[in-house]
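Visitor: Sharing a structure with you now.
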Amino acid sequence: MGFLLACILLSSSVYAQIKTDKFMGEIVNYDETTVPKYTLPPLLKTEKGEKVKNVATWERKRRPEILSLFEEHIYGQMPSKFDSLNFKMTNEKADAMDGKAHLKEIQITVWNKGNSVSFPVVLFIPNKRSKPAPAFLLINNRGKRNTDATRVNKSTFWPAEMIIDSGYAIAAFHNADVAPDRKETYQNGILKQLFPEELEKNNGMKAIGSWPWAASRVMDYFLTDKDIDAKRVAIVGHSRGGKTALWAGAQDQRFAMVFNSCSGSTGAALARRKYGETVSLINKQFGHWFNNNYKKFSNNVDSLPIDQHMLIGLIAPRPVYTTNATQDRWADPYGSFLSSLNAKPVYDLYHQEVTLPKDMPQINKPIINSTIGYHFREGAHDLNVYDWNNFIRFANFNYSLRN
Ligand code: GCU
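Residue numbers (my numbering): 1 to 403.
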């Protein structure tokens, strides 16, 4: 046991010292001193050069500009229309989790131009409550066992019992049910069935356009469920799911809060830092996530008219929380923190209090009492009970301010 511990400690300290790596024919930088000098694109200046000094100019001019830049160059356009949708309760148990929760399993079906796609959602609502419950919705990008409705399998990735005990409802859908997470088959879901024209366009959405689209359909369902407080639904995602949660929150302002865990490149991390996973590497390895246009920036990141702090800015004034882990330098923790910090000027326009420090917070010292929250957890690339516990604290803090 002691030997094992020593090995783990040794390997993590050796790991922390590695300054470069090689992957897919590229050098991966893990050295802060060789991060290139960069200038972030302006958050609060319109394309015509007008300074954004108030919420009205932000909401009428700059916000729509930034949103369409992200659609055009990275995530793709998300179709806003479809013919119809339907919710069917496939299973219900009023005394799930030994009586403390009400389980609802819902099948969402969406039709467009004669075709349809269905996907399941699992939802537990606390029974101990006096009003509709606020909810967390997880985009599950891991195995379905993690969000098991029977609770035979329990997982720290989605600690449903703990969340119910804290008074929140907890829901999940599986990303691959709407767009498989493989470059060969990602089309075999909503893209081929409902929105085939997206596959023809260079700015058409791919997998990380499709998954938030599904999150919005779950939001459509929440609006019909009187047990849920649809004004208090937080979207949560880890890693590729974290990138998805940020884009979902940016697009769909019905999500009251956004939680992204270790979202890294093209999530919370600034692209221009070229630390850990770069735009070039993510396009090479996961070309099926982002639109075709994004590939043009693989070796030309500085010409992108946006960077990821602007994605967080799109979520303002709603609270957003980002996490990183010490062993996950691939996701560029410092670059993710800087992105959060650089989104602050938009929150300032709304007079929202952001209490992030000027420099990287210490390990395991979460910034909770703030509209933009952040923590740098000890350990591996993961979403775990420590993270969820801080999500609950952050949600409690921010909802109490908005009573
Ligand atoms: C890969 C990928 C990351 C992604 C991660 C995940 O490591 O390079 O961008 O965040 O997978 O989704 O787990």
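Glycine included, every Cβ here is placed at the ideal spot set by N, Cα and C. Just so we're clear, the structure is a prediction, and the values are computed from it rather than from any experiment.
Compare the C-alpha of SER130 against each of ASN141, LYS144, GLY167, LEU341 and name the closest.
Guide: Comparing Cα positions, the closest option is GLY167.
Visitor: Pick helix, strand or coil for ASN203, following the three-state DSSP scheme.
Guide: ASN203 falls in the coil class under three-state DSSP.
Visitor: Just verifying my parser: in three-state terms, what is the DSSP assignment at LYS113?
Guide: Coil at LYS113, not helix or strand.
Visitor: What is the rounded straight-line gap between the Cα of ASP177 and the Cα of LEU383?
Guide: Going by the C-alpha atoms only, they are around 21 Å apart.
Visitor: Can you tell me whether ALA248 is buried or exposed, with buried defined as 16 or more other CB within 10 angstroms of its CB?
Guide: ALA248 is buried by the Cβ-count criterion.
Visitor: Taking just the CA atoms, how far does VAL52 sit from THR147?
Guide: Cα to Cα, the separation comes out at about 43 Å.
Visitor: Would the C-beta of ARG240 count as close to ligand 1, meaning under 6 Å from any of its heavy atoms?
Guide: Yes.
Visitor: Just to check my reading of the structure: PHE420 and ALA245 have Cβ atoms closer than 8 Å, yes? What is that Cβ distance to the nearest angstrom?
Guide: There is no way to answer for residue 420, as the model of the chain reaches only from 1 to 403.
Visitor: Quick check on ALA176: does DSSP put it in helix, strand or coil?
Guide: Correct three-state label for ALA176: helix.
Visitor: In the stretch 279-336, which residue ranges form an unbroken alpha helix (DSSP H) of at least 4 residues, counting only runs that do not cross its ends?
Guide: You should have 279-285, 308-313.
Visitor: Distance check for VAL28 and ASP83, CA to CA, integer angstroms please.
Guide: Their backbone Cα atoms lie some 46 Å apart in a straight line.
Visitor: Between the stretch 371-378 and the stretch 312-331, can you find at least three pairs of beta-carbon atoms closer than 8 Å?
Guide: Judged by Cβ distances under 8 Å, the stretch 312-331 makes contact with the stretch 371-378, as three or more pairs qualify.
Visitor: Between which two residues does the beta strand (DSSP E) harbouring ALA230 extend?
Guide: 228-238 is the extent of the beta strand (DSSP E) around ALA230.
Visitor: Along the chain, where does the alpha helix (DSSP H) containing ASN390 start, and where does it finish?
Guide: Where ASN390 is concerned, the enclosing alpha helix (DSSP H) stretches over 385-401.
Visitor: Which one of HIS174, GLU378, GLY267 has the shortest CA to CA distance from ASN140?
Guide: Among HIS174, GLU378, GLY267, the Cα nearest to that of ASN140 belongs to HIS174.
Visitor: Judging by CA-CA distance, which residue of THR185, GLU65, THR156, GLY114 is the nearest neighbour of ALA389?
Guide: For clarity, residue 389 is Asn in the given sequence; the question names Ala instead. Of the listed residues, the one whose Cα sits closest to ASN389 is THR156.
Visitor: Rounded to whole angstroms, what is the Cα-Cα separation between VAL117 and PRO212?
Guide: Their Cα atoms are separated by approximately 15 Å.
Visitor: When DSSP builds the beta bridges, which residues end up paired with GLU92?
Guide: Per DSSP, LYS104.
Visitor: What residue range is occupied by the uninterrupted alpha helix (DSSP H) comprising ALA135?
Guide: No alpha helix (DSSP H) contains ALA135, which is instead part of the beta strand (DSSP E) from 133-140.
Visitor: Using the C-alpha atoms, what's the distance from GLU59 back to PHE3?
Guide: Below a pLDDT of 50, predicted positions are generally treated as unreliable, and PHE3, at 47, falls in that range; the measurement from the model is reported next regardless. If you take the alpha carbons of PHE3 and GLU59, they lie about 58 Å apart.
Visitor: With a Cβ-Cβ cutoff of 7 Å, do LEU123 and LYS93 count as a contact?
Guide: Cβ atoms of LEU123 and LYS93: not closer than 7 Å.
Visitor: Could you compute how far the alpha carbon of THR150 sits from the alpha carbon of HIS102?
Guide: Between THR150 and HIS102, the C-alpha separation is close to 12 Å.
Visitor: Would the beta-carbon of GLY264 be found less than 6 Å away from any heavy atom of ligand 1?
Guide: Flag set: Cβ of GLY264 near ligand 1.
Visitor: Assign THR20 to one of three DSSP states: helix, strand, or coil.
Guide: Residue state, collapsed to three classes: strand.
Visitor: Please determine whether the Cβ atom of GLU277 lies at a distance below 6 Å from any heavy atom of ligand 1.
Guide: Checking every heavy atom of ligand 1 against the Cβ of GLU277, one is found closer than 6 Å.
Visitor: Anyone know if the C-beta pair for LEU338 and LEU270 falls short of 7 Å?
Guide: Yes. Within cutoff.
Visitor: How many Å lie between MET360 and MET257 at the Cα?
Guide: MET360 and MET257: Cα-Cα distance of roughly 22 Å.
Visitor: With a threshold of 16 other CB atoms inside 10 Å of the CB of ALA56, please say whether the residue is buried or exposed.
Guide: Exposed, by the Cβ-count rule.
Visitor: Using the rule of at least 16 other Cβ atoms within 10 Å of the residue's Cβ for burial, across every protein chain shown, is LEU9 buried or exposed?
Guide: Low confidence applies to LEU9: its pLDDT is 48, below 50, so where it sits in the model is not reliable, and the reading given next is rough at best. Under this definition LEU9 is an exposed residue.
Visitor: Taking only three categories from DSSP, how would you classify TYR38?
Guide: Three-state result, TYR38: coil.
Visitor: How many angstroms separate the CA atom of ALA325 from the CA atom of GLU50?
Guide: Cα-Cα distance, rounded: 38 Å.
Visitor: Would you kindly work out how many angstroms separate the C-alpha atoms of GLU161 and SER303, rounded to a whole number?
Guide: Looking at the two C-alpha atoms, the distance is approximately 46 Å.
Visitor: Between which two residues does the alpha helix (DSSP H) holding VAL346 run?
Guide: From DSSP, the alpha helix (DSSP H) with VAL346 extends over 344-349.
Visitor: State buried or exposed for LYS206, treating a residue as buried only when at least 16 other CB atoms are found within 10 Å of its CB.
Guide: Buried, by the Cβ-count rule.
Visitor: Grouping DSSP H, G and I as helix and E and B as strand, with all else coil, what is ASN153?
Guide: Three-state result, ASN153: coil.
Visitor: Please report the distance separating the alpha-carbon of ARG232 from that of LEU137.
Guide: Cα-Cα distance, rounded: 11 Å.
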